[in-house]
Amino acid sequence: MYLRQHYKKQCIVLIDEYDSPMECAYNEGYYKEANYFFKDMFSSLLNNNDENVVKAMLVGVLRIAKSGFLSGLNNLKVCPLHKERLSPLYLDKFGFTSDEVELLLSLCKNLQIDDVRKWYDGYIAGGIIHLYNPWSIINLLSDGILSTYWTDTGSTQTLKNLLWKTSSSFKESVEKLLKGEYVADIEIQDDLQYLDLDQFEDSAIWILLYYAGYLTMNSEKKLGIPNKEIRSEWHKWVINVPFFTKKKTITSMLNNLLQGNLDLFSKEFENMIVDTLSYYDIITSSGKNAEYIYHVFCLGMFANARNQGYIVRSNRETGYERYDVKIVPKPGVNGTAIIIEFKIRDKKSLHDTAQEGLFQIEKKQYRVGLEENVKKLLEIGIAFEGKKACVLGHLLYRTDKGTWNKDLISD
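Everything in the sequence shown is counted per the numbering used here, starting at 22 for the first residue and increasing by one.
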């Protein structure tokens with residue numbers, strides 16, 4: 022309104038990375054509050070505001086629609102990268118085209134187009150237009166050296182965290198990607214929500230990887246790594262995610278957990294902490310931040326329980342508070358349910374801190390809502406201090422009256 026008053030005409034609104042605040046809100050735990058705020062703001066700005074705004078363009082990674090803060094707007098034209106019937110007005114606007122890159126390279130005689138294609142080409146808009154990442158090309162022309170100029174975005178950290186939680190089939194697909202193969206014949210949705218990522222569905226992670234530029238789609242609708250620059254980014258990720266390199270250990274540890282072999286699980290778990298968790302990440306974090314690092318690490322190890330007939334849940338509200346991790350057998354599966362509470366050692370010993378986690382599970386009534394098919398329950402408290410961990414637990418049996426009998430199995 023104030024711009025219209027100043028310039029005496031309607032305004033054009035340009036918003037870059039419009040979804041970035043929502044990703045930040047998702048990572049920091051205030052997604053719903055942010056959604057309400059931006060829904061009101063964008064509705065006031067773009068809905069029934071013809072008096073002040075003549076046009077608007079919003080650019081971002083994910084299309085936030087349906088239950089998102091743009092749900093009240095019915096006057097948007099959506100132009101995603103993968104749509105084959107994308108308007109020709111936008112088809113070549115997602116990056117530099119081949120013709121544009123060749124023109125730029127004509128001014129830089131020491132660079133060959135074939136080498137540049139291998140490093141930075143590979144994105145395809147509308148199924149027909151090859152595109153290059155503008156940031157990489159600009160830096161290439163400035164430095165004159167074929168190298169990695171890719172800059173991490175907010176989406177990158179989200180993706181790194183999610184890689185720890187993926188299934189074994191997802192990890193197998195990543196191995197194929199690194200070999201240059203195309204994988205994951207999935208449908209790219211236009212309206213993925215960040216909250217969808219909490220369901221740990223591989224398809225949601227594939228979609229986010231695609232929109233964030235870490236994957237491209239070929240003519241057969243399959244996904245692959247677009248170029249040499251992005252392949253190097255993938256290699257950095259895989260090195261830092263032990264579940265791509267320690268499969269046998271992870272499988273053994275998870276099997277011991279699901280079978281209630283807590284002593285064996287504890288030994289393998291503590292060894293995994295020492296071998297793979299970054300000590301630098303731990304010592305530079307404290308309180309909730311440190312607990313979050315351990316939480317993500319453990320979720321990655323437990324994710325494959327989904328392939329053995331279990332449901333893996335995290336940070337859901339039950340009883341009087343939110344539990345950390347709950348692993349529950351699906352109906353028809355004769356398995357043990359598991360509830361885990363993480364604690365960071367403060368003043369107490371590691372043993373007492375783990376015991377505090379166990380006590381919290383019972384005090385906060387995290388057992389409430391367990392399905393009728395669950396007859397055995399393993400409750401675990403895990404205390405952390407740097408690369409040290411203490412695992413305590415007890416196995417409970419459900420009686421005919423619905424109460425639980427407890428057996429201490431680790432101390």
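All C-beta atoms, glycine included, are put in the ideal place defined by N, C-alpha and C.
Please read all numbers here as calculations on a predicted model, not as lab measurements.
Candidates E123, Y235, A146, of which the one nearest K114 by Cα
Numbered from 1 along the sequence shown, position 93 holds the residue referred to as residue 114. Checked all of E123, Y235, A146; the closest Cα to K114 is A146.
If I follow the unbroken beta strand (DSSP E) through S335, where does it start and stop?
Looking up residue 335 in the sequence shown gives position 314. That run of the beta strand (DSSP E) goes 331-335.
Can you give, in chain order, each stretch of the alpha helix (DSSP H) that sits fully within the segment 234-261 and has at least 4 residues?
249-261
If you draw a straight line from the C-alpha of L199 to the C-alpha of N248, how long is it?
Your numbering for residue 199 matches position 178 in the sequence shown. Your numbering for residue 248 matches position 227 in the sequence shown. Each residue's Cα considered, the two are about 11 Å apart.
Contact between the segment 273-280 and the segment 179-198 is defined here as three or more beta-carbon pairs at a separation below 8 Å; is this criterion met?
no
Is DSSP giving T118 helix, strand or coil here?
As a position in the sequence shown, residue 118 is number 97, starting the count at 1. In the structure shown, T118 sits in a strand (DSSP, three-state: E or B).
Apply the 10 Å Cβ neighbour rule to H27 and answer buried if 16 or more other Cβ atoms are within range, or exposed otherwise.
Here residue 27 corresponds to residue number 6 of the sequence shown, with the count starting at 1. Its Cβ having fewer than 16 others within 10 Å, H27 is exposed.
Is the segment 119-136 in contact with the segment 94-104, if contact means three or more CB pairs nearer than 8 Å?
no
Between L399 and T357, how many whole angstroms is the CB-CB distance? I'm expecting something under 8 Å.
The count along the sequence shown starts at 1 and reaches residue 399 at position 378. The count along the sequence shown starts at 1 and reaches residue 357 at position 336. Going by Cβ atoms, the distance from L399 to T357 rounds to 5 Å, so yes, they are a contact pair.
Quick check: what's the CA-CA separation for D421 versus T179?
Start at 1 with the first residue of the sequence shown, and residue 421 comes out as number 400. Start at 1 with the first residue of the sequence shown, and residue 179 comes out as number 158. About 44 Å.
Outcome for H256 when other beta-carbon atoms lying within 10 angstroms are tallied against a minimum of 16:
Looking up residue 256 in the sequence shown gives position 235. With fewer than 16 Cβ atoms within 10 Å of its Cβ, H256 is classed as exposed.
Contacts around M322, its chain only, beta-carbon distance under 6 Å, and the 5 residues preceding and following it disregarded
Looking up residue 322 in the sequence shown gives position 301. Counting only Cβ-Cβ distances below 6 Å, and skipping sequence neighbours, we find I271.
So, under 8 Å CB-CB, L391 and V349 are touching, yes? Tell me the CB distance rounded to an integer number of Å.
By 1-based counting over the sequence shown, the position of residue 391 is 370. By 1-based counting over the sequence shown, the position of residue 349 is 328. The Cβ separation is near 7 Å, so the contact holds.
Only counting runs of 4 or more residues, tell me where the alpha helix (DSSP H) segments fall wholly within the segment 351-385, in order along the chain.
371-384
Go ahead and pull the three-state DSSP assignment for D296.
As a working mapping, residue 296 is identified with position 275 in the sequence shown. DSSP places D296 in helix when its eight states are reduced to three.
Grab me the residues of L112's own chain with a C-beta within less than 6 Å of its C-beta, minus the 5 sequence neighbours each way, in chain order.
For this step, residue 112 is matched to residue 91 along the sequence shown. Closer than 6 Å at Cβ, skipping near neighbours: A146, G147, I150.
Using a threshold of 8 Å, state whether the C-beta atoms of G116 and Y170 are closer than that.
Counted from its first residue, the sequence shown places residue 116 at position 95. Counted from its first residue, the sequence shown places residue 170 at position 149. Contact: no.
Contact set for Q31: own chain, Cβ-Cβ below 7 Å, skip 5 residues either direction:
Position 10 of the sequence shown, counting from 1, holds the residue named residue 31. So the qualifying residues of the chain are R25, N73, V74, V75.
Measuring alpha carbon to alpha carbon, tell me which of G143, L413, V395 ends up nearest G234.
Counting from 1 along the sequence shown, the entry for residue 234 is found at position 213. Ranking the options by Cα distance to G234, first place goes to G143.
Among residues of its own chain, excluding the 5 on either side of N3, which ones have a beta-carbon nearer than 8 Å to its beta-carbon?
Any answer about residue 3 is impossible in this case: the structure gives the chain only from 22 up to 432.
Which residue from D345, Y331, G330 puts its Cα closest to that of F318?
Your numbering for residue 318 matches position 297 in the sequence shown. Minimum Cα distance to F318 is reached at D345.
Quick one: using the 10 Å Cβ neighbour count with 16 as the cut-off for buried, is T424 buried or exposed?
The residue labelled residue 424 in the question sits at position 403 within the sequence shown. With fewer than 16 Cβ atoms within 10 Å of its Cβ, T424 is classed as exposed.
Would you tell me roughly how many angstroms separate the C-alpha atoms of N394 and I401, rounded to the nearest one?
Residue numbering aside, residue 394 sits at position 373 when the sequence shown is read from its first letter. Residue numbering aside, residue 401 sits at position 380 when the sequence shown is read from its first letter. For N394 and I401, the distance between alpha carbons rounds to 20 Å.
When you compare only the Cα positions, how much space is there between H372 and V295?
One-based indexing of the sequence shown puts residue 372 at position 351. One-based indexing of the sequence shown puts residue 295 at position 274. If I take the Cα positions, the gap works out to 18 Å.
Straight-line gap, L67 to K60 (C-alpha atoms, nearest Å):
Counted from its first residue, the sequence shown places residue 67 at position 46. Counted from its first residue, the sequence shown places residue 60 at position 39. One C-alpha to the other measures close to 10 Å.
Out of E383, I246, I33, which has the shortest C-alpha to C-alpha gap to W140?
In the sequence shown, the residue the question calls residue 140 occupies position 119. The option with the nearest alpha carbon to W140 is I246.
Simplified DSSP state of Y301, which is helix, strand or coil:
Residue numbering aside, residue 301 sits at position 280 when the sequence shown is read from its first letter. Any reading at Y301 must be qualified, since the residue scores a pLDDT of 44, below 50, and its modelled position is unreliable; the value itself is stated next. Helix at Y301.
Taking the Cβ atom as the reference point for each residue, do C129 and L83 lie within a distance shorter than 8 Å?
For the purposes of this step, residue 129 is identified with residue 108 of the sequence shown, where counting begins at 1. For the purposes of this step, residue 83 is identified with residue 62 of the sequence shown, where counting begins at 1. No, the pair does not count as a contact, with Cβ atoms beyond the cut-off.
Exposure label - M12; buried when at least 16 CB within 10 Å:
Here the chain covers residues 22 to 432 and nothing more, so residue 12 does not appear.
For K53, count the other beta carbons within 10 Å of its own beta carbon; 16 or more makes it buried, fewer makes it exposed. Which is it?
Residue mapping note: residue 53 aligns to position 32 of the sequence shown, counting from 1. Looking at its Cβ environment, which holds fewer than 16 other Cβ atoms inside 10 Å, K53 is exposed.
If you check the beta carbons only, do Y39 and V80 fall under 8 Å apart?
Within the sequence shown, the letter at position 18 stands for residue 39. Within the sequence shown, the letter at position 59 stands for residue 80. Yes, Cβ-Cβ distance for Y39 and V80 is below 8 Å.
Figure out for me which residue from N328, R327, S335, Q329 has the closest Cα to the Cα of Y315.
Within the sequence shown, residue 315 is the residue found at index 294, counting from 1. The shortest C-alpha separation from Y315 is found at S335.
Going straight from the alpha carbon of L229 to that of E222, what length do you get?
Taking the sequence shown and counting its residues from 1, the one referred to as residue 229 is at position 208. Taking the sequence shown and counting its residues from 1, the one referred to as residue 222 is at position 201. Taking the straight line from one Cα to the other gives about 11 Å.
Could you say which of I360, M78, N328 lies nearest to Y35 if we only look at CA atoms?
By one-based count along the sequence shown, residue 35 stands at place 14. In the sequence on display, residue 35 carries Leu and not Tyr. Checking every option, the nearest Cα to that of L35 belongs to M78.
Give every residue of the same chain whose Cβ lies closer than 7 Å to the Cβ of W462, excluding the five residues on either side of it in the sequence, and list them in chain order.
Not covered by the structure: residue 462. The range shown for the chain is 22 to 432.
Based on the DSSP secondary-structure assignment, which residues constitute the bridge partners of R25?
For the purposes of this step, residue 25 is identified with residue 4 of the sequence shown, where counting begins at 1. BP columns for R25 are empty, so no partner.
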